Each structure stands twice: as structure tokens, then as C-alpha cells.
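**Q** The letter at position 14 of the sequence shown is residue 19 when you use my numbering, and the numbering goes up by one with no holes.
Here a beta-carbon is modelled for each residue, glycine too, at the ideal position from N, C-alpha and C.
Fair warning: this is a prediction, and the values are worked out from it, not measured in the lab.
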Amino acid sequence: MSNILKAQVTEVLNQVMDPEQGKSIVELGMIEGLHESEGHVSFAIVVDPQRGATMEPVRKAAEEAVHGLPGVLTVTAVLTAERAAQKPQKAEEGPLLPGVKSIVAVASGKGGVGKSTTSANLALALASQGLEVGLLDADIYGPSMPRMMGITEEPGSSDGVRLDPVEGHGVKCMSIGFFVEEENPIIWRGPMVQSALVQMMRDVNWGELDVLVVDMPPGTGDVQLTMAQQVPLTGAVIVSTPQDIALADARKGLNMFRKVDVPVMGLIENMSYFLCPSCGDRSEIFGHGGAREEADLLGMEFLGEIPLHIEIRETSDGGHPITVSNPEHEHAQVYKKIAGRVWDKAQETLATSKTTKPNIVIQ
Ligand code: ADP
Numbered sequence: 006m007s008n009i010l011k012a013q014v015t016e017v018l019n020q021v022m023d024p025e026q027g028k029s030i031v032e033l034g035m036i037e038g039l040h041e042s043e044g045h046v047s048f049a050i051v052v053d054p055q056r057g058a059t060m061e062p063v064r065k066a067a068e069e070a071v072h073g074l075p076g077v078l079t080v081t082a083v084l085t086a087e088r089a090a091q092k093p094q095k096a097e098e099g100p101l102l103p104g105v106k107s108i109v110a111v112a113s114g115k116g117g118v119g120k121s122t123t124s125a126n127l128a129l130a131l132a133s134q135g136l137e138v139g140l141l142d143a144d145i146y147g148p149s150m151p152r153m154m155g156i157t158e159e160p161g162s163s164d165g166v167r168l169d170p171v172e173g174h175g176v177k178c179m180s181i182g183f184f185v186e187e188e189n190p191i192i193w194r195g196p197m198v199q200s201a202l203v204q205m206m207r208d209v210n211w212g213e214l215d216v217l218v219v220d221m222p223p224g225t226g227d228v229q230l231t232m233a234q235q236v237p238l239t240g241a242v243i244v245s246t247p248q249d250i251a252l253a254d255a256r257k258g259l260n261m262f263r264k265v266d267v268p269v270m271g272l273i274e275n276m277s278y279f280l281c282p283s284c285g286d287r288s289e290i291f292g293h294g295g296a297r298e299e300a301d302l303l304g305m306e307f308l309g310e311i312p313l314h315i316e317i318r319e320t321s322d323g324g325h326p327i328t329v330s331n332p333e334h335e336h337a338q339v340y341k342k343i344a345g346r347v348w349d350k351a352q353e354t355l356a357t358s359k360t361t362k363p364n365i366v367i368q
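#1: Starting from Ala86, follow the alpha helix (DSSP H) in both directions and report where the run begins and ends.
#2: Mind checking whether the beta-carbon of Lys120 lies closer than 6 Å to any heavy atom of the ligand ADP?
#3: Using three-state DSSP, classify Ile343 as helix, strand or coil.
#4: Determine contact between the segment 137-151 and the segment 306-320, defined as no fewer than three beta-carbon pairs at a distance below 8 Å.
#5: Please report the straight-line C-alpha distance between Leu214 and Asp144, rounded to a whole angstrom.
#6: Compute the beta-carbon to beta-carbon distance between Ala351 and Ser200, rounded to the nearest angstrom, for a pair I have assumed lies under 8 Å.
#7: Identify the continuous alpha helix (DSSP H) that holds Ser133 and give its terminal residues.
#8: Give a yes or no on whether the C-beta atoms belonging to Pro148 and Ile181 are separated by under 7 Å.
#9: For the structure I just gave you, are there three or more beta carbon pairs, one from the segment 277-286 and one from the segment 127-135, closer than 8 Å?
#10: In the DSSP assignment, find the beta strand (DSSP E) that holds Asn275 and state where it starts and stops.
#11: Should Leu131 be flagged as near chain B, meaning a C-beta pair shorter than 7 Å?
#12: Contact defined as beta carbons within less than 8 Å: I believe Val118 pairs with Thr246. What is the distance between those atoms, to the nearest angstrom?
#13: Along the chain, where does the beta strand (DSSP E) that runs through Asp322 open and close?
#14: Give every residue of the same chain whose Cβ lies closer than 8 Å to the Cβ of Ala296, excluding the five residues on either side of it in the sequence, and list them in chain order.
#15: Between the beta-carbon of Glu3 and the beta-carbon of Ala82, is there less than 7 Å?
#16: Would DSSP call Glu298 helix, strand or coil?
#17: May I ask whether a heavy atom of the ligand ADP can be found less than 6 Å away from the beta carbon of Leu129?
#18: Out of Thr123, Leu303, Leu101, which one is the CA nearest neighbour of Leu313?
#19: Using 8 Å for Cβ pairs, my map puts His40 next to Thr79. What's the rounded Cβ distance?
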């Protein structure tokens, strides 16, 4: 970050007061991780976790102040309770997600294969079976759950300590997208990724859930590997398109979860074949059967195939995924069938791995 801009940012932030302490947020040493790249500024405001909810106006004021500077295109300020680690508060103690019975990650080798669409529909299909379901949007680089679940409100906090997830179609959701615009790029630095994810688990009132579906960030690199380690996962499903299967993406996903001892429940082939909306004709653009064969080869279960169909796109991008907007539709039935199988496998894993579950330690 250029020194001039940094000085300017610090100067304007020095005008933003913490009303409770009567001093500026700079004076109080609350600004951390100030970063700028090509006009995109990001920083964290370190707050006492108990004051999280009341600090939102200060966060907004800080963002607006920096936004007024020449040359600044976007500003992302996040509230963080990171430093509270030195003096643990209520929300910082205890295990992650104590009331959550099972956690299923939805992963993919790369972006754009329909991982989020699949996560949303699977979560809704699980809820339609009468289960208490949560949906954690861990795709912090491109959070799309608020849009897909049709949620426009921001989460509140009923206890003043933790955030309450926001319900969409009966599923409890949490996403970084509730706090930033989807099209605003977020510049994440390593430690911020970790703390954002941990906050979305530990500092959220998830309550009692049968299953939490986690929409992972795309890719199978180090960040994803660390995330897979941080979340106490029951299992993972891998979403792939037929052409990516040829690129061995499924294999990379499988290896990533194997490294951290997370059982892979299976492979879902998305955009498997094209269903013509006018004539109903089925075109197998990338051939047929490759995913099933690849899954067999890798010792993974093939969970099912979802067609490339305009109604799937329109409903999920419009905030009413097909599983809720048209539950009797044959594609909705495919999601439900896969969800049923995922739920059964989660139960099996929990029954057999009570003693072998990895011990997750968050630093
Ligand atoms: P990812 O999470 O892997 O980046 P998304 O779920 O955001 O992918 O999907 C990318 C785009 O493709 C979205 O516009 C979505 O609506 C669309 N899409 C996903 N799956 C299907 C499908 N089976 N048929 C039609 N469109 C789909």
C-alpha cells in the first residue's frame, strides 16, 4: 500500500469515533490489516465481541469515510473479535458448532460448475425431509447464498454476543455476502480467511441442527485444505461437470479430503446433459457415463447426475431454488434423492466414526 494513501486512510479513520470510549478508532488501536490494491481498501476493526452488534454503525462510518478519499474504488471494513483470544469471552469458548449433529461440505475443483446451486438445493431438499438444516456459505471469495436463497436482510443478534443466522425457505443461512455486496471483490489475507470462517461457525447462533451444509470455496488448494481441516466435517460431496472430470478435478478433490481424513460421500455430476426447454430433447454434449466410471475408479460413490436446464438456473439465481419453487419437478426429485443418500451416509459415518472423528483444534 502506498504510504501516501495509507496516511490519508489513517487520517480519515482518525475522525471516526468510538462513541462509548469517546476516542477515535485509530487512537484506540482498533484498526488492523489495512490493505490497499488498485483502489480497493480493506481493513479490520478489532472490537470486543460483546459489542459486536453495536459497532455496526462505526464500521459503516469508517467505510464511508475512506470511500470519500480520491482514488478509492471500494472499501471493505470488517468487525473482528480476533484479539479477544487473549482474554476469552463467552462466544470464544467451547467447541465449534456444539448443537450441530452433522456437517457436510460441498466442494468442487474449480468455480462455475454449480457448487453453490447444488449446495442450496441439497440444503432445501434435506429440509423438505423434516430435518433442521443450516447452510454456511464458506465461499468467501464469491458468496452467492444470499441471492440464491432470496435473502435481503442482514443478520441481527438476539443475545448481543452472537449473530443469528437468517432464514431462507426454512433453512438457517450465514454468509459473508450479508455484509458485503456480491460484486465487491474482497481482498482476503490468510489469517482473515481463517478468522472469518471460525466466526461464521463459533460466533453464530446455529442452535440445534441435524445437518449443516457448507458451500466450500472453489478449488482444492491450500486454503481449501486448511478450511477442510478447520470445519469438523462429517463428510464431503464433490460437484463436477463432465468435462472437469476429464481434467481430474474430482481426483484432486478426493485427495484433498483424504489428506484431512474426511470421508468423501461421493460425486455429483452437474450439467450432466442438456435438456432442451422447448422440445425436451436430451443431448449428451460431453458423452455419458464418464463420471460414473471415474467415481468407480476412484472408489467413490456416484451420487447422481443433474441436467443443464434453464429452470435450474433461473430458480436458483432468482432466490427460489427448484427444490422449493417446484418440488414435484423431476430435477427437484433428483436433488431430493441425492440429499436422502447424503443423509443416510452421514448417519452411517457418525455411527461408525464416533471414536475416530478427528480432533479439531482452532488456534
Ligand atoms: P459455483 O458455485 O460452482 O461457482 P454456481 O452454483 O454459482 O457455481 O453456478 C454457476 C451458474 O450456473 C449459475 O448461474 C447457476 O444458476 C448455473 N447453474 C448451476 N447448475 C446448473 C444446472 N444444472 N443447470 C443450469 N444452470 C446451472
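**A** For this structure:
#1: In the DSSP assignment, Ala86 falls outside any alpha helix (DSSP H), carrying neither H nor E.
#2: Indeed, a heavy atom of the ligand ADP lies less than 6 Å from the Cβ.
#3: In the structure shown, Ile343 adopts helical secondary structure according to DSSP, grouped into three states.
#4: Verdict: no, contact absent.
#5: Answer to the nearest angstrom: the Cα atoms are 21 Å apart.
#6: Actually they do not touch by this definition, with Cβ atoms about 27 Å apart.
#7: From DSSP, the alpha helix (DSSP H) with Ser133 extends over 120-133.
#8: Going by C-beta atoms, Pro148 is nearer than 7 Å to Ile181.
#9: Touching, no, given that fewer than three Cβ pairs across the two stretches are closer than 8 Å.
#10: 269-280 is the span of the beta strand (DSSP E), which, as asked, contains Asn275.
#11: Protein chain content of the structure displayed is limited to a single chain, and chain B is not contained in it.
#12: Confirmed, about 5 Å.
#13: That residue, Asp322, is in no beta strand (DSSP E); its alpha helix (DSSP H) goes 315-322.
#14: Hits under 8 Å: Ser245, Pro247, Ile250, Ala255, Leu272, Glu274, Ser277, Phe307, Glu310.
#15: In the structure as shown, the chain starts at 6 and stops at 368, and residue 3 therefore has no counterpart that could be examined.
#16: Helix at Glu298.
#17: Leu129 Cβ: outside cutoff for every heavy atom of the ligand ADP.
#18: Distances from the alpha-carbon of Leu313 to those of Thr123, Leu303, Leu101 put Thr123 closest.
#19: Contact between His40 and Thr79 does not hold, since the beta-carbon distance rounds to 12 Å and is not under 8 Å.
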